[in-house]
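Q:
In this note's numbering, the protein residues as written are 236 to 523.
#1: Specify the secondary structure class of residue 304 as computed by DSSP and reduced to three states.
#2: Tell me whether residue 537 is buried or exposed, calling it buried when 16 or more other Cβ atoms sit within 10 Å of its Cβ.
#3: Return the first residue and the last residue of the beta strand (DSSP E) that residue 348 is part of.
#4: Over the uninterrupted beta strand (DSSP E) stretch that includes residue 400, give me the two end residues.
#5: So, residue 396 versus residue 321, is the Cβ gap smaller than 8 Å?
#6: Just the Cα atoms here: how many angstroms apart are residue 370 and residue 476?
#7: In three-state DSSP terms, what is residue 274?
#8: Beta-carbon within less than 8 Å of residue 500's beta-carbon, same chain only, minus the 5 sequence neighbours each way: which residues are those?
#9: Measuring straight from C-alpha to C-alpha, what distance separates residue 263 and residue 286?
#10: Is the Cβ of residue 298 closer than 8 Å to any Cβ of chain B?
#11: When you compare the CB positions of residue 308 and residue 239, do they come within less than 8 Å of one another, or not?
#12: Tell me residue 436's beta-bridge partners as DSSP assigns them.
#13: Could you check if residue 330 is buried or exposed, using at least 16 other CB atoms within 10 Å of its CB as the buried criterion?
#14: Which term fits residue 494, buried or exposed, when burial requires 16 or more other beta carbons within 10 angstroms of its beta carbon?
#15: Since residue 470 and residue 461 should fall inside the 8 Å C-beta cutoff, what is the C-beta to C-beta distance between them, to a whole number of angstroms?
#16: Short of 6 Å in beta carbon distance, which residues of its chain neighbour residue 274, apart from the five on each side in sequence? Order them along the chain.
#17: Does DSSP put residue 340 in a helix, a strand or coil?
#18: Just the C-alpha distance for residue 514 and residue 355, rounded to the nearest angstrom, thanks.
#19: Measuring only the C-alpha atoms, how far is residue 399 from residue 315?
#20: Going by other Cβ atoms of all chains shown within 10 Å of its Cβ, with 16 needed for buried, is residue 254 buried or exposed?
#21: By DSSP's criteria, residue 375 is part of a beta bridge. Which residues make up the other side?
#22: For residue 237 versus residue 268, is the C-beta spacing smaller than 8 Å?
#23: Excluding sequence positions up to five away, which residues of its chain have a Cβ less than 6 Å from the Cβ of residue 244?
#24: Select from 327, 478 and 485 the residue whose C-alpha is nearest the C-alpha of residue 261.
#25: Is the distance from the Cβ of residue 283 to the Cβ of residue 305 below 8 Å?
#26: Quick check: residue 413 and residue 440, are their CB atoms within less than 8 Å of each other?
#27: Relative to the C-alpha of residue 363, which residue among 376, 372, 347 and 352 is closest?
#28: Label residue 296 either buried or exposed according to how many other C-beta atoms from any shown protein chain fall within 10 Å of its C-beta, with 16 as the threshold for buried.
#29: Using the three-state DSSP reduction, which class does residue 241 fall into: helix, strand or coil?
#30: Residues in its own chain within less than 7 Å of residue 481 by CB, not counting five upstream and five downstream?
#31: Measuring CB to CB, does residue 242 end up less than 8 Å from residue 311?
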């Protein structure tokens with residue numbers, strides 16, 4: 236039977252880490268990669284595994300690739316602290332490990348997201364399949380600050396059962412991540428050489444709302460679907476507004492100094508603290 240390593244990234248996840256790791260206690264190895272927790276996360280994680288690493292945060296992709304280098308299992312399961320492996324999914328993963336199918340290097344898993352007290356079944360969030368189970372040595376993450384992507388060499392299949400994602404219990408939690416993730420997304424665009432476009436700022440946010448609420452049936456998710464669609468549109472607007480802000484500042488630094496004005500100028504720190512959990516979706520979407 237093939238062996239399994241579970242990888243989890245943490246930052247101040249004392250409310251989630253026990254419930255998360257309890258669902259994968261049966262794994263051969265659990266790795267916890269922490270980026271500087273100041274709560275009880277580390278102590279709680281060590282009740283499940285002694286393989287707890289504290290790293291300097293350089294982005295999601297870099298942290299996950301560091302973890303891959305520490306893993307001993309034949310297969311890797313990437314799990315966020317706010318996710319739970321159901322008993323049905325656990326049994327299916329064990330079946331895969333027993334079979335260790337030749338020629339298959341990864342499995343996509345559908346995620347059911349719990350947002351503001353409701354399971355979101357539409358908005359483009361479900362099934363929201365992501366490759367989370369993959370053969371060691373056959374997968375690698377790109378090293379972006381947020382919305383990292385896993386590339387798996389070879390054939391991938393889909394699991395029958397879902398992963399539970401307890402994403403945002405309240406709006407305070409959502410908006411806390413909102414600010415961090417939009418900043419990280421803007422930094423990634425700047426690093427990739429993306430230029431600000433007025434059209435992006437004007438057209439992408441309303442299109443995001445129409446796509447989620449109308450085309451992907453967000454209206455069927457009740458008030459929560461409306462809130463999620465509106466906030467996702469705002470996420471897109473803020474991301475591109477921050478791209479404008481960053482590129483505008485760069486141009487201002489290279490331009491000749493102008494005469495001082497009577498107004499006041501406020502400097503905002505550009506360093507974004509390391510995130511504590513992983514957003515659910517990539518591209519023009521919201522944190523979760």
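Where a beta carbon is used, it is the ideal one built from N, C-alpha and C, also for glycine.
A: In brief:
#1: helix
#2: The question about residue 537 has no answer, for the chain in this structure spans 236 to 523.
#3: 346-350
#4: 398-403
#5: yes
#6: 39 Å
#7: coil
#8: Note on residue 500: pLDDT 42, under 50, position unreliable in the model; the coordinate value appears next. Excluding residues within five positions, none has a Cβ falling inside 8 Å.
#9: 12 Å
#10: This model lacks chain B altogether, as it is built from one protein chain only.
#11: yes
#12: Paired residue(s): none; residue 436 is not in a bridge.
#13: exposed
#14: Note on residue 494: pLDDT 48, under 50, position unreliable in the model; the coordinate value appears next. It counts as exposed.
#15: About 15 Å separates the two Cβ atoms, so there is no contact after all.
#16: 247 and 249
#17: strand
#18: With a pLDDT of 45 at residue 514, under the threshold of 50, the predicted position of this residue should be treated as unreliable, though the coordinate-derived value follows. So the two alpha carbons sit approximately 15 Å from each other.
#19: 10 Å
#20: exposed
#21: 386
#22: no
#23: 268 and 298
#24: 327
#25: no
#26: no
#27: 347
#28: buried
#29: strand
#30: 421 and 425
#31: yes
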